[in-house]
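Below: the structure, in structure tokens.
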Amino acid sequence: MLDLKSIRNNPDLLRKALEKRKENFDIENFLKLDESRRELLLKVEQLKNKQNVDSKLIPQYKKEGKETSSLMEEMKVLSDEIKGLDLKVRDIDEEIERIMLTIPNIPNDSVPPGETDDDNVEIRKWGQPKAFDFDPKAHWEIGENLNILDFSAAAKVTGARFTFYKGLGARLERALMNFMLDLHVDKHGYTEVFPPFMVHRNSMVGTGQLPKFEEDSFKVSGTDYFLVPTAEVPVTNMYREQILDEKDLPIKHVAYSACFRAEAGAAGRDTRGLIRQHQFNKVELVKFTTPESSYEELEKLTRDAEEVLQILEIPYRVVKICIGDLGFTAALKYDLEVWMPSYNRYVEISSCSNFESFQARRAGIRFRKTMKDKPEFIHTLNGSGVAIGRATACILENYQQKDGSVKIPEALKKYLNGIDEIKA
RNA sequence: GGAGAAGUACCCAAGUAGGUCGAAGGGGACGGUUUGCUAAACCGUUAGUUCGAGCAAUCGGAGCCAGGGUUCGAAUCCCUGCUUCUCCGCCA
Numbered sequence: 010m011l012d013l014k015s016i017r018n019n020p021d022l023l024r025k026a027l028e029k030r031k032e033n034f035d036i037e038n039f040l041k042l043d044e045s046r047r048e049l050l051l052k053v054e055q056l057k058n059k060q061n062v063d064s065k066l067i068p069q070y071k072k073e074g075k076e077t078s079s080l081m082e083e084m085k086v087l088s089d090e091i092k093g094l095d096l097k098v099r100d101i102d103e104e105i106e107r108i109m110l111t112i113p114n115i116p117n118d119s120v121p122p123g124e125t126d127d128d129n130v131e132i133r134k135w136g137q138p139k140a141f142d143f144d145p146k147a148h149w150e151i152g153e154n155l156n157i158l159d160f161s162a163a164a165k166v167t168g169a170r171f172t173f174y175k176g177l178g179a180r181l182e183r184a185l186m187n188f189m190l191d192l193h194v195d196k197h198g199y200t201e202v203f204p205p206f207m208v209h210r211n212s213m214v215g216t217g218q219l220p221k222f223e224e225d226s227f228k229v230s231g232t233d234y235f236l237v238p239t240a241e242v243p244v245t246n247m248y249r250e251q252i253l254d255e256k257d258l259p260i261k262h263v264a265y266s267a268c269f270r271a272e273a274g275a276a277g278r279d280t281r282g283l284i285r286q287h288q289f290n291k292v293e294l295v296k297f298t299t300p301e302s303s304y305e306e307l308e309k310l311t312r313d314a315e316e317v318l319q320i321l322e323i324p325y326r327v328v329k330i331c332i333g334d335l336g337f338t339a340a341l342k343y344d345l346e347v348w349m350p351s352y353n354r355y356v357e358i359s360s361c362s363n364f365e366s367f368q369a370r371r372a373g374i375r376f377r378k379t380m381k382d383k384p385e386f387i388h389t390l391n392g393s394g395v396a397i398g399r400a401t402a403c404i405l406e407n408y409q410q411k412d413g414s415v416k417i418p419e420a421l422k423k424y425l426n427g428i429d430e431i432k433a
């Protein structure tokens, strides 16, 4: 959410941002609504002042033995008028709130132009796509051949876009999870949290998944709960409605969670394998920073995520997301993309974003510089560090050998009890 | 799931036969006196927040878990919800 006052004072900033994002939105009308709200507010507050002052007369009159019934009659009229106006104000407030929640974030100036992910700009590249001296297989094929992935069992038990990991497959997934968590905790200084996998509606609104993208989420029927689409939601909302101390910043958390996505609109895309599932595992990095340091912290966060791939020796590149691909909540976003032989291209494995105060304003997360200062909104950032399912897929493909077996990356061996390859 | 109790400012806590209560008191924090320094003692300050009007000083509205309701008027009465605690049941 943006700041209503700054929209009021500088509508051009928003106008230009929305133009870039190709969003239609009637700012003039919105500002008129805001103006009418303030007019009404002024009126009703004056009446309330009168109500407060005059109602104090009643006990006083009673004490003095004066007649109060005519005054009370007047007050009744006043009270009814106030109630009517209050109702109007409330309606307008709700309308303004509803609209504010659907206005996207203002992109950072450095966001490149463009419409689709083809227009994202490569920032740097690490490693070389491996040249195979045989015909490399796709990870779903490798996984099924090795009996470590079972998509059809999951289809039988649950449905499409789910999977069973079995044996060393399950263990590899678990090893990756622990490896990533350990790295971010021990080397990068993040504090680990293990969050709830369900959150209520307000948390989803807080990080920006709702109200606009409800069809992407899984709602738990009979409750107000949603399955988390990412640990970003519970971990960011951990500090909702709070005022933090500047001396505690930046706050850095790393969290594992299962992630649940309805993948509405993705029918027919990446239907095979681990790339696009309704449930997947992810290690997420979340930061709370001062406005001054958030972009620097974004760079660090991105490097922290990259290190996962470097240690696993997986070739990847970093792209800066263009305006058309940026998403609703981010001001700036980098994706990490790993080389996937089966796709013969780089595939997203991590998104690292700075939301500036967009989420903080929705979730009410603020900080205070000193006791005397007014609280201001914090900046929130997050990034996958990294998606585990996709990491498994990419290890299977990049570490596959001619005989169908898969080598275990050096760094993971200790998490797999020293095993150095998975074979049939 | 059943039965009870509770939710007041940074913390603890008083406050219901509805009316100068936006709220006693204590702790803490901050400032001061004292002091070589610290502690103690004493004095003082302490609604933070949020919305609106105004160039500003300042003024006004809201806020006693949340949302509704009753009333001229609600921290105080009624309803709903959330959370916490205790007991019982069940369960990993």
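Per our numbering, the first sequence runs over residues 10 to 433.
All C-beta atoms in this analysis are idealised placements derived from N, C-alpha and C, irrespective of residue type, glycine included.
All values derive from a computational prediction rather than experimental measurement.
Separation of residue j from residue i, as counted between CA atoms
i: K202; j: K85; result: Correcting the residue type first, residue 202 is Val in the shown sequence and not Lys. Those two C-alpha atoms are separated by around 55 Å.
i: I397; j: V292; result: 7 Å
i: T338; j: D159; result: 35 Å
i: V130; j: V328; result: 5 Å
i: Y199; j: L310; result: 10 Å
i: A264; j: V244; result: 8 Å
i: R46; j: I101; result: 6 Å
i: P113; j: L341; result: 12 Å
i: K175; j: S161; result: 13 Å
i: K423; j: D191; result: 12 Å
i: I157; j: M207; result: 28 Å
Distance between beta carbons of residue j and residue i, contact taken as under 8 Å
i: F431; j: L185; result: According to the sequence shown, residue 431 is Ile rather than Phe. Not quite, the Cβ-Cβ distance comes to about 13 Å (not below 8 Å), so this is no contact.
i: M247; j: S226; result: Not a contact, Cβ separation roughly 19 Å.
i: F297; j: I387; result: 5 Å
i: D429; j: K416; result: 7 Å
i: F141; j: P350; result: 7 Å
Residue from the options whose Cα sits closest to the Cα of residue i
i: I67; options: E83, Q55, I36 and E124; result: E83
i: L164; options: R375, F376 and Q286; result: The question names Leu, yet the displayed sequence has Ala at residue 164. The option with the nearest alpha carbon to A164 is Q286.
i: Q251; options: A273, G215 and E272; result: G215
i: K228; options: A271, Q69 and I323; result: A271
i: E106; options: H197, H209, D43 and K175; result: D43
i: E306; options: E223, G392, E357 and E406; result: G392
i: M380; options: Y234, E255 and L181; result: E255
i: P145; options: L425, K97 and A402; result: A402
i: R278; options: R170, E73, E419 and K261; result: R170
C-beta contact flag for residue i and residue j at 9 Å
i: S78; j: Q60; result: no
i: T111; j: P20; result: no
i: P259; j: S366; result: no
i: R370; j: M10; result: yes
i: L294; j: L318; result: no
i: R326; j: K134; result: yes
i: I332; j: K29; result: yes
i: V53; j: L94; result: yes
i: L27; j: I36; result: yes
i: A314; j: V237; result: no
i: I151; j: G336; result: no
i: D128; j: P138; result: no
i: A400; j: V347; result: yes
i: G282; j: A147; result: yes
Segments of 3+ residues assigned as beta strand (DSSP E) that fall wholly inside the segment 287 to 370: Fully enclosed beta strand (DSSP E) runs of 3 or longer: 288 to 298, 325 to 329, 341 to 349 and 354 to 365.
Minimum length 4: unbroken alpha helix (DSSP H) runs contained in the segment 168 to 214: Complete alpha helix (DSSP H) runs here, min 4: 176 to 191.
Alpha helix (DSSP H) segments (min. 4 residues) lying fully within the segment 111 to 154: For the segment 111 to 154, whole alpha helix (DSSP H) runs of length 4 or above, ordered along the chain, are 148 to 154.
Complete runs of the alpha helix (DSSP H) confined to the segment 395 to 426 [at least 4 residues]: Correct list: 397 to 407.
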